[in-house]
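Residue numbers (the numbering used here), protein chains in the order written: chain A, 1 to 279; chain B, 280 to 558.
Everything on this sheet refers to the single structure shown next.
Number of protein chains: 2
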Amino acid sequence: MAFPSLLPNRQMANLFIKKLGLRAPLSDADRQALEQATAKVVQVEAHRDLISQGDAPEHAFIILDGFACRYKLLPDGSRSIVAYLIPGDGCDLHASILNQMVHSIGTLTPCSVAAIPYRTVKELAAYHPNIYKALWWSVLVDEAILQEWLVGVGRRSADKQVAHFLCEMMVRLEAVGIIRGNSYKLPITQSELADTAGISHVHVNRVLQNLKSLRLVDQKWRSLVLLDIEELKRFSGFAPDYLHLRPSRTEESLIEPLTDVAKSQLQMRQRGQRDKGMF
Amino acid sequence: MAFPSLLPNRQMANLFIKKLGLRAPLSDADRQALEQATAKVVQVEAHRDLISQGDAPEHAFIILDGFACRYKLLPDGSRSIVAYLIPGDGCDLHASILNQMVHSIGTLTPCSVAAIPYRTVKELAAYHPNIYKALWWSVLVDEAILQEWLVGVGRRSADKQVAHFLCEMMVRLEAVGIIRGNSYKLPITQSELADTAGISHVHVNRVLQNLKSLRLVDQKWRSLVLLDIEELKRFSGFAPDYLHLRPSRTEESLIEPLTDVAKSQLQMRQRGQRDKGMF
DNA sequence: CGGCAAATTGACCACAATCAATCGAAGTGG
DNA sequence: CCACTTCGATTGATTGTGGTCAATTTGCCG
Chain A
1 MAFPSLLPNR QMANLFIKKL GLRAPLSDAD RQALEQATAK VVQVEAHRDL ISQGDAPEHA
61 FIILDGFACR YKLLPDGSRS IVAYLIPGDG CDLHASILNQ MVHSIGTLTP CSVAAIPYRT
121 VKELAAYHPN IYKALWWSVL VDEAILQEWL VGVGRRSADK QVAHFLCEMM VRLEAVGIIR
181 GNSYKLPITQ SELADTAGIS HVHVNRVLQN LKSLRLVDQK WRSLVLLDIE ELKRFSGFAP
241 DYLHLRPSRT EESLIEPLTD VAKSQLQMRQ RGQRDKGMF
Chain B
280 MAFPSLLPNR QMANLFIKKL GLRAPLSDAD RQALEQATAK VVQVEAHRDL ISQGDAPEHA
340 FIILDGFACR YKLLPDGSRS IVAYLIPGDG CDLHASILNQ MVHSIGTLTP CSVAAIPYRT
400 VKELAAYHPN IYKALWWSVL VDEAILQEWL VGVGRRSADK QVAHFLCEMM VRLEAVGIIR
460 GNSYKLPITQ SELADTAGIS HVHVNRVLQN LKSLRLVDQK WRSLVLLDIE ELKRFSGFAP
520 DYLHLRPSRT EESLIEPLTD VAKSQLQMRQ RGQRDKGMF
């Protein structure tokens with residue numbers, strides 16, 4: 001159903017290949033190499049570490065199904081989640097360059113995971129320019145998401161921050177085609193959400209109640225359901241440009257129109273730039 | 280004067296090449312190619328944008344001298360600094376893969392900058408495996424720093440956060456050899472520090488006064504001076520492992536020893552992992 | 001000297017952390 | 001089938017870190 005036109009007369013490729021294919025045109029050889037590399041799939045139950053802080057990296061992982069996250073354990077015992085991995089995401093594909101992991105990767109739900117030797121990753125990148133490009137793309141997007149989170153934690157209020165995260169996850173899930181309509185459920189606990197947004201789990205609870213009273217989200221069986229996505233986006237100031245979902249450079253600008261305040265600020269900065277050098 | 284021993288019978292290589300050389304052994308051909316690529320240097324004054332949010336990326340930039348930063352302008356007109364670029368740093372070397380910049384790069388001080396066409400970056404990576412490796416390394420470190428900042432903004436108190444940032448900058452500057460002893464000055468304003476740490480500039484001022492009263496930093500001519508680095512590191516819980524400065528995988532672990540609290544937490548998690556599946 | 005940006009200080013207060021208790025649901029063992 | 005445990009969710013009370021507003025001072029540069 002999802003993107004049938006992209007793979008007309010072919011068995012459905014796995015989500016990793018599909019995702020890369022959205023970023024760079026993959027040849028049959030590319031796809032075949034990727035199929036082969038991700039052929040060995042293991043099932044991992046929820047709440048297991050795929051790799052832990054301090055380990056030397058040994059394999060690259062591809063999440064083919066389920067949710068996982070990248071997190072850090074702090075010296076004081078608290079946990080900070082710095083990224084979510086959804087089906088189709090690779091993690092730390094080039095981490096072998098570094099000596100040791102400074103974060104852990106853990107599953108949030110039961111997952112299907114392909115473990116690829118780094119040697120294979122290297123070969124794929126070396127012999128398949130389009131795969132190379134697609135891999136870079138995904139690393140850059142990861143970094144852009146990290147930047148957006150950093151900005152959010154520093155600037156946004158707790159409820160906007162949570163709402164923004166919910167929007168981001170929806171857009172990402174939509175992009176790989178694993179959710180259909182305007183709502184989805186997120187199988188994570190409030191404590192995990194707290195470790196994501198950098199707020200206390202108590203406050204997460206209050207924030208969610210607020211969002212519920214605004215009819216923006218709902219909760220069933222321990223998992224969130226988004227109701228009014230558009231309003232949620234507006235509420236949180238979500239602009240999807242940093243996810244770089246659009247394929248071509250030629251399309252229209254995705255930058256959110258600046259508010260009047262921002263415009264005047266920008267003008268001041270630019271004027272200053274001409275005069276005295278402020279940006 | 281700086282590190283004459285590293286390049287005995289050779290004209291001083293620029294800091295970019297030096298930095299890459301710390302991460303992967305560069306051949307003479309590698310160095311020559313890099314020299315050539317970074318030959319065209321332009322001087323840029325302080326507080327200019329090298330590239331702005333919304334632009335399509337056109338060149339990769341190498342900062343050869345001076346300080347710059349990556350920042351985002353938010354719709355409400357505020358600014359958030361998400362990375363600092365110091366001499367030897369490249370920025371967005373592979374950004375050509377993306378359609379548009381979602382952040383700006385601006386100088387903080389007068390800078391010497393080399394602009395490299397993306398085509399050249401691509402060729403360097405394609406024909407020089409060691410450069411390829413070193414480039415990946417620097418991107419991964421960028422990402423690790425971003426993660427550490429994210430954790431810090433979410434979890435650390437304002438003074439720890441600022442102190443941590445000061446430690447990080449010192450270690451980075453030390454690593455490229457542009458500072459000598461145990462102190463250095465940082466030519467940024469308190470407002471810039473505020474936009475970095477995600478706190479108000481008023482509070483930055485109070486934090487700095489606190490650090491001054493603790494004899495950890497000092498201020499002269501609008502630039503900070505760190506006094507007691509070791510104590511500053513202890514104060515902020517700074518552990519340099521995420522900067523991945525050590526070259527070899529075989530060296531001793533750099534992971535900060537966990538506190539007792541953290542150990543018991545970790546044990547709980549691991550025990551849980553065996554039993555019920557918590558991490 | 002005048003103009004401007006950065007730094008500083010004080011007063012006030014709000015958002016969110018912390019502490020502490022309770023509740024609810026799911027799973028477990030008797 | 002029912003106690004018991006455990007984890008997650010919920011609620012209230014209290015505290016405090018850091019934001020906002022506003023005024024003043026310092027330092028820089030023309």
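Beta carbons: idealized from backbone N, C-alpha and C, even for Gly.
Just so it is clear, the structure is predicted and the values come from calculations on it, not from any experiment.
Limits of the unbroken beta strand (DSSP E) element including serine 391 (chain B)
For the purposes of this step, residue 391 (chain B) is taken as residue 112 along the second sequence, with counting starting at 1. Segment 390-396, the beta strand (DSSP E) holding serine 391 (chain B).
Going by Cα to Cα distance, which pick from B:Val455, B:Val504, B:Asn489 is closest to arginine 302 (chain B)?
By one-based count along the second sequence, residue 302 (chain B) stands at place 23. Selected option, being the one with the closest Cα: B:Val455.
Would isoleucine 395 (chain B) count as contacting chain A if we go by Cβ distances under 9 angstroms?
Taking the first residue of the second sequence as position 1, residue 395 (chain B) is located at position 116. By the rule that beta-carbons nearer than 9 angstroms mark a contact, isoleucine 395 (chain B) does not touch chain A.
Residues of chain A with CB under 7 angstroms from arginine 525 (chain B), in chain order?
Walking along the second sequence from the start, residue 525 (chain B) turns up at place 246. Within 7 angstroms Cβ-Cβ: Asn99.
Report yes or no: do three or more beta-carbon pairs, one from the stretch 74-82 of chain A and one from the stretch 419-432 of chain B, lie closer than 8 angstroms?
yes
What first and last residue would you give for the beta strand (DSSP E) that runs through phenylalanine 340 (chain B)?
Your numbering for residue 340 (chain B) matches position 61 in the second sequence. It spans 338-344 - the beta strand (DSSP E) in which phenylalanine 340 (chain B) sits, taken as one unbroken run.
Taking its Cβ as the centre, do 16 or more other Cβ atoms sit within 10 Å of threonine 475 (chain B), making it buried, or is it exposed?
To locate residue 475 (chain B), count along the second sequence from 1; it is residue 196. Its Cβ being crowded by 16 or more others within 10 Å, threonine 475 (chain B) is buried.
According to DSSP, is glycine 106 (chain A) part of a helix, a strand, or is it coil?
As a first step, residue 106 (chain A) is located in the first sequence; it is residue number 106 there, counting from the start. Note: glycine 106 (chain A) maps to strand in three-state DSSP.
Compare the C-beta of proline 304 (chain B) with all C-beta atoms of chain A and state if any pair is closer than 9 angstroms.
Taking the first residue of the second sequence as 1, we reach residue 304 (chain B) at position 25. Not an interface residue.
Going by other Cβ atoms of all chains shown within 10 Å of its Cβ, with 16 needed for buried, is serine 383 (chain B) buried or exposed?
Taking the first residue of the second sequence as position 1, residue 383 (chain B) is located at position 104. That one is buried.
Which word fits arginine 156 (chain A), buried or exposed, when buried means at least 16 other C-beta atoms lie within 10 angstroms of its C-beta?
What you label residue 156 (chain A) is simply residue 156 of the first sequence in a count that begins at 1. By the neighbour-count rule (16 or more Cβ atoms within 10 Å), arginine 156 (chain A) is buried.
Taking Cβ-Cβ distances below 9 angstroms as the criterion, which residues of the stretch 338-370 of chain B are in contact with chain A?
Arg349, Tyr350, Lys351, Leu352, Leu353, Pro354, Asp355, Gly356, Ser357, Arg358, Ser359, Val361, Ala362
Alpha carbon to alpha carbon, how far is valine 141 (chain A) from glutamate 509 (chain B)?
By one-based count along the first sequence, residue 141 (chain A) stands at place 141. By one-based count along the second sequence, residue 509 (chain B) stands at place 230. Roughly 36 angstroms separates the two Cα atoms.
Same chain, Cβ closer than 6 angstroms to leucine 313 (chain B), neighbours up to 5 away in sequence not counted
Looking up residue 313 (chain B) in the second sequence gives position 34. Excluding positions up to five away in sequence, the list reads Ile296.
Mind the definition here: the stretch 55-66 of chain A touches the stretch 116-123 of chain A only if three or more C-beta pairs lie below 8 angstroms; say whether that holds.
yes
Classify histidine 577 (chain B): buried if its beta carbon has 16 or more other beta carbons within 10 angstroms, exposed otherwise.
Look at the range of chain B in this structure, 280 to 558, and you will see that residue 577 (chain B) is not part of it.
What are the partner residues of cysteine 370 (chain B), as DSSP defines its beta bridges?
As a first step, residue 370 (chain B) must be located in the second sequence, where it is residue number 91. According to DSSP, which records beta bridges pairwise, cysteine 370 (chain B) is partnered with B:Phe340.
For serine 391 (chain B), which residues in the same chain have their Cβ closer than 7 angstroms to its Cβ, ignoring the five residues on either side in sequence?
Taking the first residue of the second sequence as 1, we reach residue 391 (chain B) at position 112. If we look at serine 391 (chain B) and ignore the five residues flanking it on each side, its Cβ neighbours are Val320, Gln322, Leu343, Asp344, Gly345.
Which same chain residues, not among the five before or five after cysteine 348 (chain B), have their C-beta less than 7 angstroms away from its C-beta?
For this step, residue 348 (chain B) is matched to residue 69 along the second sequence. Cβ neighbours of cysteine 348 (chain B) beyond the five flanking positions: Ile360, Ala362, Tyr363, Leu364, Gly385, Leu387.
Which full runs of the beta strand (DSSP E) of 3+ residues lie inside the stretch 450-514 of chain B, going along the chain?
Those beta strand (DSSP E) runs which fall completely within the stretch 450-514 of chain B and span 3+ residues are 496-499, 502-505.
Roughly how many angstroms separate the alpha carbons of valine 153 (chain A) and isoleucine 478 (chain B), rounded to a whole number?
Along the first sequence, read from residue 1 onward, the residue named residue 153 (chain A) stands at position 153. Along the second sequence, read from residue 1 onward, the residue named residue 478 (chain B) stands at position 199. Distance between the alpha carbons of valine 153 (chain A) and isoleucine 478 (chain B): 11 angstroms.
Residues near arginine 249 (chain A) in its chain [Cβ-Cβ closer than 8 angstroms; skip 5 each side]:
For this step, residue 249 (chain A) is matched to residue 249 along the first sequence. Unreliable placement is indicated for arginine 249 (chain A), whose pLDDT of 44 sits below 50; no coordinate value is reported for it.
May I ask which residues mark the beginning and end of the alpha helix (DSSP H) holding leucine 74 (chain A)?
Stepping through the first sequence from its first residue, residue 74 (chain A) is reached at position 74. Segment: none, leucine 74 (chain A) is in no alpha helix (DSSP H) and carries neither H nor E.
Top-ranked residue by Cα proximity to leucine 403 (chain B), from B:Leu505, B:Arg513, B:Thr317, B:Pro519:
Along the second sequence, read from residue 1 onward, the residue named residue 403 (chain B) stands at position 124. The option with the nearest alpha carbon to leucine 403 (chain B) is B:Thr317.
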